[in-house]
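Everything on this sheet refers to the single structure shown next.
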Amino acid sequence: MPTRPELARVLDALEKFHGRPDPPPTTDPLELVLWENVAYLADDRRRADAFRALKKRVGTRPEQILSARGDLLLEITGGIVPGNSLEKLRRTAAIALEQFRGSLKATVKLPLPEARKALMKFPSIGAPGADKILLLSRSHPVFALDSNGLRVLLRLGHGREAKSYAATYRSVQEAIAPHLEPDCDRFIRAHLLLRRHGQTLCRRNRPRCEVCPVAKLCVYYRTARRSA
Ligand code: SF4
1203 MPTRPELARV
1213 LDALEKFHGR
1223 PDPPPTTDPL
1233 ELVLWENVAY
1243 LADDRRRADA
1253 FRALKKRVGT
1263 RPEQILSARG
1273 DLLLEITGGI
1283 VPGNSLEKLR
1293 RTAAIALEQF
1303 RGSLKATVKL
1313 PLPEARKALM
1323 KFPSIGAPGA
1333 DKILLLSRSH
1343 PVFALDSNGL
1353 RVLLRLGHGR
1363 EAKSYAATYR
1373 SVQEAIAPHL
1383 EPDCDRFIRA
1393 HLLLRRHGQT
1403 LCRRNRPRCE
1413 VCPVAKLCVY
1423 YRTARRSA
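Read left to right, the sequence shown gives residues 1203 to 1430 (this note's numbering).
Here it is as structure tokens:
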């Protein structure tokens, strides 16, 4: 079972190694939904470029997106495949306008289950994505993880792999939650550091354990060494 000092040690070691990653360039909840959809499944750099272009050339208000020319949106989102970001942007704008009067600022202040449910109406936003938006907009101190952060914590020995992603996610959150004080700043730091670590060293395939700053604390690494 993880303990608070262990997680704190992990995060300090990761920050020393990776530096402190930048958060997304907005804390507005609707813009965070657009951030998820503007370049679906793209890397961080491509996503940042697309989001910057959307803000500058179209705007991020729903009516601006809905009245933008299709070819301009296509150029910004990088084409129809693979995630059909153009369609996702338009659906995001339409849902925001029709169901939330064009802004999510009041919605994210609702009690957590309601706020989460509302965000899950948008394209590409499941429960983990909704939690991430609630955290990054500083609306609720939820310990949100992306798939990279989830993999890192699992390998370190927090929670367990279950049959579905949702069950695995819950297991890790439940394992960690009792050892953390709810605090948006701390959770954002943890989210970003674990994500960065999962993207760079603790990759899905062939993690780079030989240079990992937290290898001594890692169950996956210890087990792999024993079986080697
Ligand atoms: S030792 Fe390897 S598996 Fe463990 S956290 Fe580091 S990179 Fe990931």
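Ideal Cβ placement from N, Cα and C applies to all residues, glycine included.
Between the beta-carbon of LEU1337 and that of HIS1393 there is about 6 Å, and that keeps the pair under the 8 Å contact cut. Taken through DSSP and simplified to helix, strand or coil, THR1402 comes out as helix.
A direct Cα-to-Cα measurement between GLU1316 and GLU1233 gives close to 19 Å.
Taking non-hydrogen atoms of the ligand SF4 into account, the C-beta of VAL1416 is found less than 6 Å away from one of them. In this structure, the beta-carbon distance from VAL1260 to GLY1359 does not fall below 7 Å. Scanning its chain for C-beta atoms nearer than 7 Å, with the 5 sequence neighbours on each side dropped, one finds around GLY1331 the residues GLU1238, in chain order. Secondary structure remark: continuous alpha helix (DSSP H) runs of at least 4 residues inside the stretch 1345 to 1411, in chain order: 1349 to 1358, 1367 to 1378, 1386 to 1402.
Residue state for HIS1220 is assigned as helix, using DSSP reduced to three classes. In the structure shown, THR1229 adopts coil according to DSSP, grouped into three states. Nearest Cα to ALA1369 within the set PRO1313, LEU1352, LEU1382: LEU1352. Excluding sequence positions up to five before and after LEU1216, its CB lies within less than 6 Å of the CB of LEU1395, HIS1399, all in the same chain and listed in chain order.
If you draw a straight line from the Cα of ASN1407 to the Cα of SER1349, it is about 13 Å long. Short of 7 Å from the beta carbon of SER1373, and not among the five residues preceding or following it, lie these beta carbons of its own chain, in chain order: GLY1361, ARG1362, ALA1364. Taking all protein chains in view, the Cβ of ASP1333 is crowded by 16 or more other Cβ atoms within 10 Å, so the residue is classified as buried. Look at ASP1245 here: in three-state DSSP terms it is coil, with no helix or strand label.
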